[in-house]
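Engineer:
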Amino acid sequence: MNKFQKTQQAIASMLALLALQNFIFNVFNYPVLFCITLLALLGVIRILYDFFNNGMFDFLFSILGMTILIIHVYDSPPNGFWPLLISIWLYGWLAIEKITYQKNVSPFFRKIFLMVVPIFFGIWILFAWEVITIGLNIPMVILPSPSLIFIQFVASLETLWADFIQTFVKAALTGYLIGCGSAFLVAILIDKSLFLRRGLLPIGNFISAIPIVGIAPIMIMWFGFDWHSKAAVVVIMTFFPMLVNTVTGLSVNNSIDRDLLKTYASSYIQSLIKMRLPAAAPFIFNALKINSTLALIGAIIAEFFGSPTVGLGFRISVEVGRLNLDMVWAEIVVAAIVGSASYGVISFIEKKVTFWHPSNRKTLEK
Amino acid sequence: MINYFKNRFLPILSIVIIIFAIWYIFTIYLNSSIQIDTYERQKIDWEFSDLVKDTMSQKKPLLPAPHQIVSEMYKTIFMIKITSKKSLIFHSYITLSSTLLGFAFGTILGIILAISIVENKAMDASLMPWIIASQTIPILAIAPMIIIILNAFGLSGLLPKALISTYLSFFPIAVGMVKGLRSPEISYLDLMYTYNSSRLNVFWKLRLPSSVPYLFASMKVAIAISLVGAIVGELPTGAVAGLGARLLTGSYFGLTIQIWSALVMAAILAGTLIFILNFISRMTLKSMGGQE
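Each protein sequence line maps, in turn, to chains A and B. Counting in this note's numbering, the first sequence runs from 1387 upward without gaps. Counting in this note's numbering, the second sequence runs from 451 upward without gaps.
1) If you drop the 5 nearest sequence neighbours on each side, which residues of the same chain put their C-beta closer than 7 Å to that of Glu1705/A?
2) Quick check: is the beta carbon of Glu1483/A nearer than 8 Å to any beta carbon in chain B?
3) Strictly below 8 Å CB to CB, what residues from chain A border Trp580/B?
4) Measure the beta-carbon distance from Pro588/B to Ile1686/A and round it to whole angstroms, keeping in mind my assumption that it falls under 8 Å.
5) By Cβ distance, which residues of its chain are closer than 7 Å to Ala1716/A, with the 5 residues on each side in sequence left out?
6) Which class does Glu1751/A belong to by DSSP, given the choice of helix, strand or coil?
7) Start and end of the alpha helix (DSSP H) containing Thr1553/A?
8) Say whether chain B places a C-beta atom closer than 8 Å to the C-beta of Ala1396/A.
9) Show which residues of chain B have a CB atom less than 7 Å away from the CB atom of Thr1486/A.
10) Do the CB positions of Ile465/B and Ile1589/A come within less than 8 Å of each other?
11) What first and last residue would you give for the alpha helix (DSSP H) that runs through Ala1398/A?
12) Along chain A, in chain order, which residues have C-beta atoms closer than 7 Å to that of Ser731/B?
13) Please identify the residue among Ser606/B, Ala593/B and Val628/B whose C-alpha is closest to the C-alpha of Thr616/B.
14) Report, in whole angstroms, the separation of the C-beta atoms of Pro1463/A and Gly1508/A, which I expect to be a contact under 8 Å.
15) So, does the CB of Ser802/B fall closer than 8 Å to a CB anywhere in chain A?
16) Is the separation between the beta-carbon of Pro610/B and that of Ile623/B shorter than 8 Å?
17) Have a look at Ser573/B and Leu563/B and give me their C-alpha separation to the nearest angstrom.
18) Any beta carbon from chain B within less than 8 Å of Lys1752/A's own beta carbon?
19) Going by CA-CA distance only, name the one from Leu1476/A, Asn1677/A and Arg1662/A that's closest to Ala1558/A.
20) With DSSP collapsed to three states, give me the class of Glu1516/A.
21) Between the alpha carbons of Val1619/A and Ile1511/A, how many angstroms are there, rounded?
22) Taking Ser499/B as the reference, which of Thr586/B, Ser637/B, Ile478/B and His517/B has the closest Cα?
23) Evaluate Phe1390/A with the Cβ neighbour count: other Cβ atoms within 10 Å of its Cβ, from every protein chain shown; 16 or more gives buried, anything less gives exposed.
24) Residue range of the alpha helix (DSSP H) that His1614/A falls in?
25) Helix, strand or coil for Ile1498/A? Go by DSSP, reduced to three states.
26) Note down, in chain order, every chain A residue with its Cβ under 7 Å from the Cβ of Ala717/B.
27) Measure the C-alpha to C-alpha separation of Ile1472/A and Gln1488/A and round it to an integer number of angstroms.
28) Do we get a CB-CB distance below 8 Å when we pair Thr1560/A with the residues of chain B?
29) Mapping the DSSP letters down to three states, classify Phe1741/A as helix, strand or coil.
30) Using three-state DSSP, classify Ser731/B as helix, strand or coil.
31) What does Pro610/B touch in chain A if you count any residue whose Cβ is under 9 Å from its own?
32) Could you give the C-beta distance for Phe621/B and Ser584/B, rounded to a whole number, given that I count them as a contact under 8 Å?
33) Taking C-beta pairs closer than 8 Å, name the residues in chain A that Val520/B reaches, listed in chain order.
34) Are the region 503 to 514 of chain B and the region 480 to 492 of chain B in contact at 8 Å, needing three or more beta carbon pairs?
35) For Tyr1729/A and chain B, any beta-carbon pair shorter than 8 Å?
36) Would a check of beta-carbon distances place Val1706/A closer than 8 Å to chain B?
Below, the structure written as structure tokens:
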């Protein structure tokens, strides 16, 4: 335990003491809260006599504390509730600190820690969000609690599914496939000409930097209000990052490989398929990953300019106007799940395809 | 100099010329059906040369010709007073100010976050996976909500839009800066260790200088994305002012030339901002003894 952690633990115990003076006269009303406060007070003694200080205790204690606090918050929270909350929050952070700074851990446990810690942190944020929004009576218009969002999510699964189909499957996915596919083909075509490459690359880079979503109103005029116009926006948004990355990847030069294929008298197609495309794969996948986020953004924003009465972007802008913030958040949850899932799928494929790349090779454990 | 002309200027110029040529052909092609309709309604005999001339001077064309956009931009930039609501400069200024404010906030926030992640292992283990995961989430979708909520608090105008830009731009900065602060090789860190230098010294003399190239690279990404954020942030407030408002009113009334000129203006802004950043980064790296 370093000095910083000791101070933190001392502060957490002090806050528990502050909470205790409220509960001590109400032992019979809040027996559970009283007990958990006593446990929190243990922190001081644990510093002085240095036992149970490896983080496991803090970890289990903060999970227990979370559960108990969340049960109590739905009735009106008693005095001393908030100091206890901060104290338990500090213990949660202490658990993370102690676990990550631990030495002499087997690599297997280290791996598990590295998986558990972010999940624990995420649960912590959700918990704090729930307790604070409910405990302080924050109006739904400003920030709905996670439980409300969850209830709304389950209640309107049908609408969310329809929006998902409209925005993701029809608009974003179609546009993504057309945009990336055509950019890939164009990249292979212009790759043969140095002149075209020199001319197109700077322009492609420039276009990648400008706010292309602004083209949405024009696409709506050309292709109508339905998903076709959104797909068109996505095509334009995804085209240039893919083009630039593929061309860069194809021009990766490894003269030894090239010489070898030349001695084999391989044709252009053979060397393209067997050497240059695999060498370009990390670049191509990089573009595919960037584009997966861009495609969803493009499809959602394009719906702000006009759409049929279905779609993620449409629903968000309408429900914001009606101040149904729980529905807006439910849509955001959908967008988040879809966004990270598609990113995950592409990363998975990348790992399988570019298993030879240094970033994917398993290194020896030190 | 001749090499520069041959290897950079000439290819780019010819591609640009090709793009403009295709654009003009499409202008004639896309606008011709409406034009032919008008001819037939007014029972005018027409030839192909008339068609070419008239498709390029429609008031609300499907695709305006480049020179129409240029003349519209000339009109709205130079002919109208800057304070007027019709001036493109006025709208660009509004968008630019929230972009820059948000970008400044985002850069500071991203740097602070990156430093705490690099210096504190617990922050790294708990926060970093979430920062990476959050990049896969279409954050821009929340933009209208943030604007409306802040409006409910009485905050309107520059700050909410700047906050959206901040929100968008701090991710690339944080991620790039973390990478940069970790970029010094182990042998350098070992050298500092043999000098018995403090953590603060390692930070100031080794980590921070070696993170500068990464910082500039991510700043270029961040400023482009904060411009997008500012434009999208202008959409839900009822289109009062700014380039996003120009886009929205343009799409309401079918004023395609106005939409295109706002788009071109946004492109010019993005290009200029990145050019300036490029210049600053080159100067800074040069004065730090780096090579190009």
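C-beta: ideal position from N, C-alpha, C; glycine also.
Structural biologist: Looking at the atomic coordinates:
1) Closer than 7 Å at Cβ, skipping near neighbours: Met1713 and Val1714.
2) Glu1483/A belongs to the set of residues whose beta carbon lies under 8 Å from a beta carbon in chain B.
3) From the beta-carbon of Trp580/B, the residues of chain A found nearer than 8 Å are Pro1504, Phe1507 and Gly1508.
4) Between Pro588/B and Ile1686/A, the beta carbon gap of about 6 Å places them in contact (Cβ cut-off 8 Å).
5) Excluding residues within five positions, the ones whose Cβ falls inside 7 Å are Ile1535, Gln1538, Phe1539, Ser1542 and Leu1546.
6) Since pLDDT at Glu1751/A reaches only 43, below the 50 mark, its modelled position is unreliable, and the value read off the structure follows with that caveat. Reduced to three states, the DSSP call for Glu1751/A is coil.
7) Unbroken run through Thr1553/A: none, as it is neither H nor E.
8) It does not; no Cβ of chain B falls within 8 Å.
9) Close to Thr1486/A, with beta-carbon spacing below 7 Å, are these residues of chain B in chain order: Lys571, Ala572 and Ala575.
10) A contact, by the Cβ cut-off of 8 Å.
11) Per DSSP, Ala1398/A belongs to the alpha helix (DSSP H) from Lys1389 to Phe1409.
12) Contact annotation for Ser731/B against chain A: no contact, minimum CB-CB distance about 15 Å [criterion: below 7 Å].
13) Ranking Ser606/B, Ala593/B and Val628/B by Cα distance to Thr616/B puts Ala593/B first.
14) That belief does not hold up - the Cβ atoms of Pro1463/A and Gly1508/A are roughly 24 Å apart, past 8 Å.
15) Chain B is shown only over 451 to 742; residue 802/B falls outside these bounds and no answer can be derived.
16) The answer is no: Cβ separation not under 8 Å.
17) The displayed chain sequence assigns Met, not Ser, to residue 573/B. The straight-line gap from Cα to Cα measures roughly 9 Å.
18) Caution applies to Lys1752/A, whose pLDDT of 38 falls short of 50 and renders its modelled position unreliable; the model cannot decide the point.
19) Measuring from the Cα of Ala1558/A, the nearest candidate turns out to be Asn1677/A.
20) Three-state DSSP puts Glu1516/A in a helix.
21) Looking at the two C-alpha atoms, the distance is approximately 35 Å.
22) Looking from the CA of Ser499/B, the closest CA among Thr586/B, Ser637/B, Ile478/B and His517/B belongs to Ile478/B.
23) By the neighbour-count rule (16 or more Cβ atoms within 10 Å), Phe1390/A is not buried but exposed.
24) Unbroken alpha helix (DSSP H) run through His1614/A: Trp1613 to Leu1636.
25) DSSP, read as helix, strand or coil, puts Ile1498/A in helix.
26) Close partners of Ala717/B in chain A (Cβ separation under 7 Å): Ile1596.
27) Taking the straight line from one Cα to the other gives about 24 Å.
28) With a threshold of 8 Å between beta carbons, Thr1560/A makes no contact with chain B.
29) Coil, per DSSP.
30) Three-state DSSP puts Ser731/B in a helix.
31) Near Pro610/B there are no residues of chain A at all, since even the closest Cβ is about 13 Å away, more than 9 Å.
32) The pair is a contact, with the Cβ atoms about 7 Å apart (cut-off 8 Å).
33) The premise fails here: Val520/B is roughly 17 Å from chain A at the closest Cβ pair, so nothing lies under 8 Å.
34) A contact between stretches requires three or more CB pairs, one per stretch, nearer than 8 Å, and the region 503 to 514 of chain B meets this requirement with the region 480 to 492 of chain B.
35) Residue contact with chain B for Tyr1729/A: present (Cβ-Cβ distance below 8 Å to some residue of chain B).
36) So, interface residue.
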